[in-house]
Structure formats: C-alpha cells, structure tokens
C-alpha cells in the first residue's frame, strides 16, 4: 500500500517527468537558495532534517494533497507541479515556495546561487549536533565516526548502527563547527557539523545531499573535493631540511595553492564566501603549522633560532587570518601551541635551566603545606641575586655562570629530597603554566589569539596531570580568558577532574607497592624482583608517563582490544610510570579503567625508574618490551598496541613456547 501511495505521490509532484521518477527518490531544492528542503522516499519523507511518515495522499490533476506525521506533529502539504522539473509546495495553507527537482547527474553547484554572507566566527560554545541520515546502500551496518575532542589533537572514535533500510541517528557534542570523519565498510566521507543544529544526510551511490544549516558548505566541499593544504613533499616526515629550504618550499607551495584557488573561484563564481574563507584557512593554517614545526628540524641541525624570514612569514600570515577561526580546527590549535612553545623556549633557555626561579619561589610561597629547609630557601635567594649580576657585564664571568647553573640543579635536587613527589610535580606545573602566560602576554597576538593560547596552556596543564588546578591558579586562568566559550571549556574540564578525583574506584590490586624493590639500584635486579611473581607468564611492558599524550592515547584506546584478546591467558601487562606524581598516576589509571587481574602498575622513585629504563627503554615514549615465561627479556622493541594483530600474534608465539 505504501509503495502504491509513493508512486502516486511522485507521479503527481512531477507529473511530466514521465516514468523516470516513478518508484525513485525525489529530492526538491529551494529554487531561491538551492537548499535541500524536501525528500520523498519509498517509506518516508524528509523535511526540516527529520523523518516523516506518509499519513495520506490525495491525488488531483495538477495538485496533490499530502499529510505527513512525525510523532504528534502533522503537516498538510499542497504540491503543484510547474513544468517537468519544478513544483510549488505550500504547508498548512501557507504561502507556496518554489522548488526544483534535483538531478543527480548535474553538479549541485549548478543549483546554488551566489552567496556573499560572511562566515560566522566559531563561538567555542559546547553543544550537541543531531545528525540523522539515510544510507540505503548500507543497511544493518556499523557506522564509525571520528572527530577531535575539544582543541587537542586527540581523536574521539565512536559508532552507531544503521537500521534494516540504512537509516541512522546520532548526537555528538562539539565546541563549534567541527569536521567529522565517517566510515562505513570501505566507504569514507567527512562533514562539517555545527552545535545546536539538526541535519539530515542522504547518500546513495555517488549521490550526496545534506539538509540543515551546514548543507550548503558540505555540498560545496563534496562537489569540489580539492585540498588547499600546503604540504610540499620535500618537507614531509622524515625529511630534515634547512630553514631556507623550508621557507622557499612553503612560499612556492602557498603560491601554487593560491593560484589554484583563484582558478577555481573563476570557474565557479557562485561558490560561497564561507567556502572561500575555509579554503584560505586551510592555506594559512597548513603553512603556519609547517613553518613553526621547522624549529624541530632547526634544533636537530644545532640551531636554537628559526631563520628571521620564517618568523616574518609567520607574522604576515597571522595578520591575514580571520580574527577568529570559523571551525574547531586541529591545525590551528597545533600551530598556536607550537608557536607558544617556541617562544617559551627562546625566553627561558639558560643553558640547562628549564624553569623560572622567580616563578618557582612564588609557587613555593603559595603552597601552604610545603616545608623546605631554610638552607634551600637561602640558596634560591642567593641564586636570584646571581641572576642580576649575570645579566650585567659580570655575565661574562664563566665561573659565575657555571655556579648559577649548578645552583639550579641543586635546588631541584633539594626539592626532590625534601618535599613529597606530588608537591614537587604540582610546583612545576604551576611554574610552567605561569611562564607560558607571561610569554603569551608579550607576543604580538590578537585578543582572541591570546585567549585561545591561554586556554590551550591551561587545558594542557589539566590534561597532563588529570588533577584539578588549585583554585588560585584556576581563577588566574579564567580572569585572562575573555571569550565566554573558551572560559566555559576550562571550567568544564576543571569540574570533570574534580568529580573524577572524588569518584570511588576499585583498583583491583593492580597498583603495586614499591616496597618489593626498596634499596635496589640496579635496573636488572629491580626487574628480576618485580617479574618474580609472574614466572610462567608472558609479560608485556609499557614505559609511559602522565605527561606523554601518545602514551595515554595508547592505554586508553589501543591496549583494551589486546587485553580482551588475551583475557584469561598467561599474559601480564606491566606498566612503569615515568616522572608522574602518585596522584596523577592513580587518576589516569582510574579514568582509563586500566586495571584487572592481568594488569600491574608501578610508579617507582626517580632513580629506580631511571635504572629500569636504562635496561628496558628503547627510543622515546611510550616504549614497549617483552619478557618470556622464564623472565628473560625477549625484546625492547615489542609491537606497539596500535598494531593489534601483530602484537597479539607476538604474544601468542611466546605463549606457545614451552
């Protein structure tokens, strides 16, 4: 019956289209705006980014009356054809709107008028986007979607299921217009989605339509499918180039992409101002990102400073960028973060000194429960006095400079010996955060750029330690961030860690006491003592740190699947935490639920951890090792858990050995 009703509907809404529309999907675009507003499918209709059921269809010679229902809402439509590819649709006796029938053989751009409305700046206010869709080629399939959480380069991966005809519905929180990558079977596509919006997506074969406020920009991006990222092959990893080569290649690549964009805009003059802005953001953010990361190549070649020409180009491009980004863009976030890090390094590099002593003294004075020897405070005051002399002509006194550097090392060692590990880490978290804020204040950034940089540095401090900031520091952060959405992001993350800290949790015996290795200094002996209870089991080791984002990403996202595959088997997952306070260590393990009968955690004193890493760590962090059933080291380069199948195979091979 429904199929018969739909055939009548399609015949009546496009009566002169002959047999081509009968029994097929009919999608109608607003004649004035080109927006997709109506979709009539076999078993349902789509309007206002929602699905509607056919309640009734009354056929006339040139008019058709259709009643649609969605929950308790009802729409009465009067559809009148105009020629062979147009109609008018009136809702509830309202004014009729003119629509054009979409022909999938034609470019969607041919339906879109010029649009000079400026892109809206991102508000960075978190809210949900509701996306519904109809993918008739993929019934009963898993739909995976991937997006960046907040501002960081941390991907959130989740999924939903299509129903028996390919429909789905999902809601996700975003801070602003955000790119979301979708994957279903081998098919991949991306969408820009905005908070507080509802959208409907239809994909069938090569046909793509999207209903909602982001419909136009997604139609343009889908139809153009041209990248404006400046990514010269000569500058891609693992190539290491000089500053002059980097500058030359970026200038050349940017000029080529700008020329390609100009040609595209001449070919399609009706492309929206929103599309043009997004393309320019891609040009600038990709160029800026590669220019600032050249500092790593420079450092590898023994240079502390970037070539002045690179910094000049960075300053020039930053002035050409929109005052506020139009999307939540990880490239922008990464550039701002690296830009601040570069200038922070330039301002505070004093030989081997990695902290500001004045800031350290301030943080110590604010820490009410901190008790340090008077001799240590005297050494701090003496060293601060030396700093003034070094900055004068006496700075040429090499013996004085050596003593100054040695004093800083002695201060750190004195603090490590006299205060708890948690207090020690907290002090330097506060020192580093205030140092970054000082740098941000002295850079020639716009008001929003300073807000954004301050937000990134504050969120990083929170997400590195996984514990709340002291109230005084939180208030300092909020007072310097003037963009409401960015302030909300900081407060929201602070509140999250406050709640996490208070949440009860069963560590299931996974946290081990260091007493078993008390007094030991040799790395091999420490490992033998720790491994002894697990004789007869294969042990996979992970050297990680609370400060290490890739380490935590692996623990949270990659290892669980391997653990599930090895559940109940003779395999132990043994973790050694590097330079992580006990409080942060426990909070991270709690947050990621990294516990269980096959999971073992140690947070050794600094010197013992250093001794273990001398035996076990290979390269950077994280570092993975493997011991056989007899406690013998098989390799210091065990497979990374991101390569799940390879790691499982390696573990199976060790398990099979007698």
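In the UniProt record's numbering, the protein residues as written are 1 to 658. Where a beta carbon is used, it is the ideal one built from N, C-alpha and C, also for glycine.
- Secondary-structure assignment with DSSP links residue 107 through no beta bridge to anything.
- By the neighbour-count criterion, in which a residue is buried when 16 or more other Cβ atoms sit within 10 angstroms of its Cβ, residue 287 is buried.
- The three-state reading of DSSP puts residue 284 in helix, counting H, G and I together.
- Ranked by how close their Cα comes to the Cα of residue 542, the residues 310, 556 and 383 have 556 in first place.
- Fully contained in the region 491 to 531 is no beta strand (DSSP E) run of length 3 or more.
- With 16 or more other Cβ atoms from the protein chains shown falling within 10 Å of its own Cβ, residue 383 counts as buried.
- For residue 576, the enclosing beta strand (DSSP E) covers residues 571 to 578.
- Annotation: the region 324 to 406 contains the following complete segments of the alpha helix (DSSP H) (minimum length 4 residues), in chain order: 330 to 348, 357 to 366 and 374 to 391.
- Separation of residue 362 and residue 345 (C-alpha to C-alpha, rounded to the nearest whole angstrom) is 21 Å.
- Annotation for residue 531: 539, 627 and 631 place their beta carbon closer than 7 Å to its own, counting only its chain and skipping 5 residues before and after.
- Around the beta carbon of residue 492, a 10 Å sphere encloses fewer than 16 other beta carbons of the protein chains shown; the residue is thus reported as exposed.
- Annotation for residue 480: the continuous alpha helix (DSSP H) segment containing it runs 471 to 480.
- Straight-line measurement puts the Cα of residue 310 at about 42 Å from the Cα of residue 582.
- Contact between residue 134 and residue 29 does not hold, since their C-beta atoms are separated by about 17 Å, which reaches or exceeds 8 Å.
- Membership of residue 127 in the beta strand (DSSP E) is indicated by the continuous run 127 to 134.
- Measuring C-alpha to C-alpha distances from residue 614 to each of 641, 525 and 590 identifies 525 as the nearest.
- For the set 405, 399, 337 and 320, the Cα lying nearest the Cα of residue 356 is the one of 405.
- At the C-beta level, residue 655 and residue 535 stay beyond 8 Å of one another.
- With fewer than 16 other Cβ atoms from the protein chains shown falling within 10 Å of its own Cβ, residue 110 counts as exposed.
- Setting aside the 5 residues that flank it on each side, residue 136 is surrounded in the same chain by 166 and 204, each with a C-beta closer than 6 Å to its C-beta; the list follows chain order.
- In the displayed model, residue 244 falls within a helix according to three-state DSSP.
- Residue range 167 to 174 is occupied by the beta strand (DSSP E) that includes residue 173.
- Between the region 65 to 84 and the region 222 to 234, the count of C-beta pairs closer than 8 Å stays below three; the two stretches do not touch.
- Following the DSSP letters along the chain, one finds residue 551 inside the alpha helix (DSSP H) bounded by residues 549 to 553.
- The region 320 to 336 makes contact with the region 172 to 188; the number of CB pairs closer than 8 Å reaches 3 or more.
- DSSP places residue 542 inside the beta strand (DSSP E), whose first and last residues are 538 to 545.
- Assignment of beta-bridge partners to residue 28 by DSSP yields 38 and 101.
- Around the C-beta of residue 467, 16 or more other C-beta atoms lie within 10 Å, and the residue is accordingly described as buried.
- With a beta-carbon spacing of about 4 Å, residue 624 and residue 638 fall inside the 8 Å limit used to define contacts.
- The straight-line gap separating the alpha-carbon atoms of residue 633 and residue 617 is approximately 12 Å.
- The beta carbon of residue 443 sits closer than 7 Å to the beta carbons of 343 from its chain, once the five residues preceding and following it are set aside; these are given in chain order.
- Within 10 angstroms of the beta-carbon of residue 214 lie 16 or more other beta-carbons, which makes it buried.
- In this structure, DSSP gives residue 213 a state outside helix and strand, which the three-state scheme calls coil.
- Here residue 159 is not near residue 191, since their CB atoms are 8 Å or more apart.
- In the three-state reduction of the DSSP assignment, residue 603 falls in the coil class, being assigned neither a helical nor a strand state.
- Under the DSSP assignment, residue 562 falls in the alpha helix (DSSP H) whose first and last residues are 559 to 565.
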